[in-house]
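First comes the structure, then the notes that go with it.
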Amino acid sequence: MRIITWNINSLRLRLPLLRKLVEEETPDIICLQETKVHDDLFPQHALDDLGLPHYLYKGMKSYNGVAIFSRYPLELVDHFPEWCGKKDCRHLAVSIGTPDAPILLHNFYVPAGGDIPDPTENEKFAHKLNFLKETTNWFQKTPPTRSILVGDLNIAPLENDVWSHKQLLKIVSHTPVETESLNEWINTGFIDAMRQIIPASEKLYTWWSYRNKDWKKSNRGRRLDHIWISPDLKEKVQNITVLSHARDWETPSDHVPVMMDINPS
DNA sequence: ATGGTCGTCGTACGA
Numbered sequence: 552m553r554i555i556t557w558n559i560n561s562l563r564l565r566l567p568l569l570r571k572l573v574e575e576e577t578p579d580i581i582c583l584q585e586t587k588v589h590d591d592l593f594p595q596h597a598l599d600d601l602g603l604p605h606y607l608y609k610g611m612k613s614y615n616g617v618a619i620f621s622r623y624p625l626e627l628v629d630h631f632p633e634w635c636g637k638k639d640c641r642h643l644a645v646s647i648g649t650p651d652a653p654i655l656l657h658n659f660y661v662p663a664g665g666d667i668p669d670p671t672e673n674e675k676f677a678h679k680l681n682f683l684k685e686t687t688n689w690f691q692k693t694p695p696t697r698s699i700l701v702g703d704l705n706i707a708p709l710e711n712d713v714w715s716h717k718q719l720l721k722i723v724s725h726t727p728v729e730t731e732s733l734n735e736w737i738n739t740g741f742i743d744a745m746r747q748i749i750p751a752s753e754k755l756y757t758w759w760s761y762r763n764k765d766w767k768k769s770n771r772g773r774r775l776d777h778i779w780i781s782p783d784l785k786e787k788v789q790n791i792t793v794l795s796h797a798r799d800w801e802t803p804s805d806h807v808p809v810m811m812d813i814n815p816s
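Whatever position you read off the first sequence (first residue = 1), add 551 for our numbering.
Here is the structure:
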C-alpha cells in the first residue's frame, strides 16, 4: 500500500500537479492539507479519472482544509472532538478497508502558530499549543493500534529537521515548547516512520519557504510534514521517500509530498 | 540587518 501526504496549498490551483503526482507515483491513498476550498466548491468531477474513486474531504473558505483520496473504500471515523472547539477543518480520520483488519488513518493540519513564539502575546501560538495538548490527551486515553497518522504538523522536532538548529530555536516550528509538545504527542504510542527509514543524523526537509529565491541553493528547509505509525505496523514499513523534486514543479507548493510504502497485511 | 513570496479574497491576512 502506497500512501502520500502533501500540503498542496490550494487544491484548485494545483489540480494539474495532483494529477502529475498520481501519474508518477501511483499511490493508493493521498492525504492533502491546506486544500483551501469549501466543501460546496470541491472540484470532484475534475478528479473522476484519477483512479482514486473513494474520497472524503472537509474544507472551508480560504483557509485550512483536508482531503483523502483512495483506491480502497474509506469509512469516515467521526468520533473525534472539534479540536479547541473550532470547526476549522484540520483533521480527517478514516478507516481503510483492507483484505485483513482495517487501518485507521489520520490526516492532520496542525495550526502554524504565527510568528511570535509566546502564547500570551500571540493567540495563534496559544492555539497551536492547545491543539497539541488536546490531541495528546486524546491519544493518551486511546493509544493507537493499526493506525497511521500523517500530515503537516508544522513542527520540525529534531536538530536535523531544520537547516540550523541554533538559528531556529526561537523561530516558530522549532522552539523547545513545540518540539517537546510534539514529542509528548508521538509518545502516546506512535513511531516516527520517516526517521525509522532515514536516520536522525541526516538532514531531512519537506518544506522550503517561498521567500528564498533559490530554494535548492539556499536549502533552508524544515521537516514539517510527518508520517507516524503505531508500533504494530513497525515491521510493515517498506520505504519512505520525500519527493523533493516536486519543489521544482511549475507553481509549486512550498511543501513537497512524502510517500510511504507499507504492507499492512 | 530584517526583508523576502505565495494564495485567497477583495485591496488584508494567514502561511
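We put the beta carbon where it would ideally sit given N, CA and C, even for glycine. Nothing here was measured: the structure is a model prediction, and the numbers come from that model.
Can you have a look at residue i and say buried or exposed, based on whether 16 or more other CB atoms are within 10 angstroms of its CB?
| i | result |
| --- | --- |
| A652 | exposed |
| L564 | exposed |
| K612 | exposed |
| R798 | buried |
| P662 | buried |
| F741 | buried |
| H596 | exposed |
| P815 | buried |
| N615 | buried |
| L700 | buried |
| N790 | exposed |
| N770 | exposed |
| E585 | buried |
| D743 | buried |
| K717 | exposed |
| F631 | exposed |
| K785 | exposed |
If you run the structure through DSSP and keep just helix, strand and coil, what is residue i?
| i | result |
| --- | --- |
| E801 | coil |
| Q595 | coil |
| K638 | coil |
| D783 | helix |
| V728 | helix |
| R563 | coil |
| V628 | coil |
| S795 | helix |
| S752 | coil |
| K669 | Residue 669 is actually Asp in this sequence, not Lys. Coil, per DSSP. |
| H589 | coil |
| A652 | coil |
| I737 | helix |
| R773 | strand |
Going by DSSP, what residues sit across from residue i in a beta bridge?
| i | result |
| --- | --- |
| S621 | I580, H605 |
| Y660 | D703 |
| M810 | I555, T792 |
| D712 | Answer by DSSP bridge pairing: none, since D712 is not bridged. |
| V645 | L627, L656 |
| D600 | BP columns for D600 are empty, so no partner. |
| D743 | W779 |
| W759 | G772 |
Does the beta-carbon of residue i, which I'm using as the reference point, lie nearer than 6 Å to any heavy atom of the ligand MG?
| i | result |
| --- | --- |
| A663 | For the ligand MG, the structure offers nothing, since it holds no ligand at all. |
Under the assumption that residue i contacts residue j (Cβ atoms under 8 Å), give the Cβ distance between them as a whole number of angstroms.
| i | j | result |
| --- | --- | --- |
| C640 | K609 | 5 Å |
| L775 | W758 | 5 Å |
| H544 | V617 | In the structure displayed, the chain extends from 552 to 816; residue 544 sits before or after that span and is not available. |
| I780 | V809 | Actually they do not touch by this definition, with Cβ atoms about 13 Å apart. |
| N560 | D712 | With a Cβ gap of about 20 Å, N560 and D712 do not count as contacting. |
| T687 | T739 | 6 Å |
| V645 | L601 | Contact flag wrong, Cβ pair sits at about 17 Å. |
Could you check whether the region 718–730 touches the region 656–671, counting it as contact only if at least three pairs of C-beta atoms, one from each stretch, sit closer than 8 Å? yes
I want to know whether the region 578–589 touches the region 553–563 - three or more CB-CB distances under 8 Å. yes
Would the region 731–738 and the region 678–693 be scored as touching if the rule is three or more Cβ pairs under 8 Å? yes
Take every Cβ of the region 757–771, pair it with every Cβ of the region 694–701, and state whether three or more of those distances are shorter than 8 Å. no
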